[in-house]
Amino acid sequence: MLDWNPALYRRYEDERTRPAQELLARVPLAEADRVVDLGCGPGNSTELLVNRFPKAQALGTDNSEAMLVSARERLPSARFELSDIATWVPQDKAPDLIYANASLQWVPDHETLIPRLFDALAPGGVLAVQMPDNRQEPTHRLMRALAAEAPWAEPIGDADRLRTKLLPLGGYYDLLAPHAANVDVWHTIYQHRMADAASIVEWVRGTGLKPFVDRLPPDLQASYLAEYERRVHEAYPARPDGKRLLAFPRMFIVAQKKV
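Under the UniProt record's numbering, the residue at position 113 of the sequence shown is numbered 113, and the numbers go up by one with no gaps.
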């Protein structure tokens, strides 16, 4: 997959940062020495951690050089490193907070990943995770439906392999509860007010649609996006004020380690 586009991602930064704020608000730590932002993107979520824990050593990780450049420009005092969440481990002392906002949905094998990240925490530390849960929303069903049609099916390949299938929310609770002092899980459906179908397409091009489009040559990208926007227009009808409501479900997990 081609590198991420920080500018495209930041066009809806306020909407993307809101769940990050709400996740952090439920982290039960008064202070922290070391905090890690896994999949930090352009640094908007890392900035929240730095503001919440100003005395902590903050580390942001991402597998995108472009995102890391943007994050370093935004937060020159924080440390950022290129790494893969699937193999990431702390390099020095165990962190007090491992925070993953809208990143783990790109990483496979959650049955082993989630316990491994939790085990990496310091005693009393917190694992805080937020993931989009929109696989069955029209935006994402339409991505997969188009990817199965000619002429896009062959270059895209198996659409089901382009994103990790999440566990049910209770499955994450079950993974963590036997080993945690406390586990807090919840589900929120945001309703984002969008100008039109093109705005919805622009939103998902920065994240979920990217693996589909990246696999297509330029001519097929154009036709795929045109047909996708047409179907999005039908799936998200205009409200009486002319706007569209983009329903965006997200799941949240906050687990604290025993002291």
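Built from N, CA and C at the ideal position, the CB exists for glycine as well.
Of all the options the options, which has the alpha carbon lying nearest to the alpha carbon of residue i?
i	options	result
ALA247	LYS258, ALA235, PRO217	ALA235
residue 347	VAL107, TYR99, ARG141, ASN134	The structure shown does not extend to residue 347, since the chain is modelled only from 1 to 259, so the question has no answer here.
ASN44	GLU15, GLY242, LEU146, VAL259	GLU15
GLU229	GLY170, ALA198, ALA66, LEU216	ALA198
THR87	LEU97, ASN63, ASP96	ASN63
GLY171	LEU23, GLN256, PHE252	PHE252
LEU48	PRO217, VAL213, GLN21, PRO218	GLN21
LEU58	GLU65, MET67, THR46, ALA66	A quick correction: the sequence has Ala, not Leu, at residue 58. Checked all of GLU65, MET67, THR46, ALA66; the closest Cα to ALA58 is THR46.
ARG231	ALA66, HIS140, THR17	HIS140
GLN256	GLN136, ALA30, ARG18, THR17	ALA30
ASP214	GLY157, GLU13, LEU117, ASP92	GLY157
LYS258	ALA66, ASP92, GLU13, GLY124	GLY124
LYS243	GLN136, MET194, ARG135	MET194
Taking residue i and residue j to be in contact with their CB atoms under 8 angstroms, please state how far apart those CB atoms are, rounded to whole angstroms.
i	j	result
PRO240	VAL126	Wrong, their Cβ atoms sit about 43 angstroms apart, outside the cutoff.
MET143	LEU104	20 angstroms between Cβ atoms; not a contact.
PRO249	ILE189	5 angstroms
LEU220	PRO138	Going by Cβ atoms, the distance from LEU220 to PRO138 rounds to 22 angstroms, so no, they are not a contact pair.
LEU146	GLU227	6 angstroms
ASP96	ALA32	4 angstroms
PHE212	ALA177	Not quite, the Cβ-Cβ distance comes to about 36 angstroms (not below 8 angstroms), so this is no contact.
Just to confirm, does residue i get its C-beta within under 8 angstroms of one of the non-hydrogen atoms of the ligand SAM?
i	result
ALA147	Among the components modelled here there is no ligand, and therefore nothing to report on the ligand SAM.
Checking 9 angstroms against the spacing of the C-beta atoms, do residue i and residue j come in under that value?
i	j	result
VAL129	ASN101	yes
ALA94	ALA120	yes
PRO42	ALA71	yes
PRO115	LEU175	yes
ARG26	ALA122	no
ALA222	ASP196	no
HIS179	PHE118	yes
LEU113	VAL254	no
ARG135	LEU166	yes
Does residue i come within less than 9 angstroms of chain D when only Cβ atoms are used?
i	result
LEU225	Of the protein chains in the structure, only one exists, and it is not chain D.
Under 8 angstroms: do the segment 81 to 93 and the segment 32 to 39 share three or more Cβ pairs, one atom per stretch? yes
Is the segment 108 to 116 in contact with the segment 192 to 208, if contact means three or more CB pairs nearer than 8 angstroms? no
Does the segment 147 to 158 come into contact with the segment 177 to 184, if we say contact requires no fewer than three beta-carbon pairs (one atom in each stretch) closer than 8 angstroms? no
Report the start-end ranges of each beta strand (DSSP E) in the segment 111 to 167 that is 3 residues or longer and not cut off at the edges. 126 to 132
For a minimum of 3 consecutive residues, which ranges assigned as the beta strand (DSSP E) are wholly contained in the segment 35 to 75? 57 to 62
List in chain order: all unbroken alpha helix (DSSP H) runs of 4+ residues lying wholly within the segment 176 to 257. 197 to 205, 210 to 214, 218 to 235
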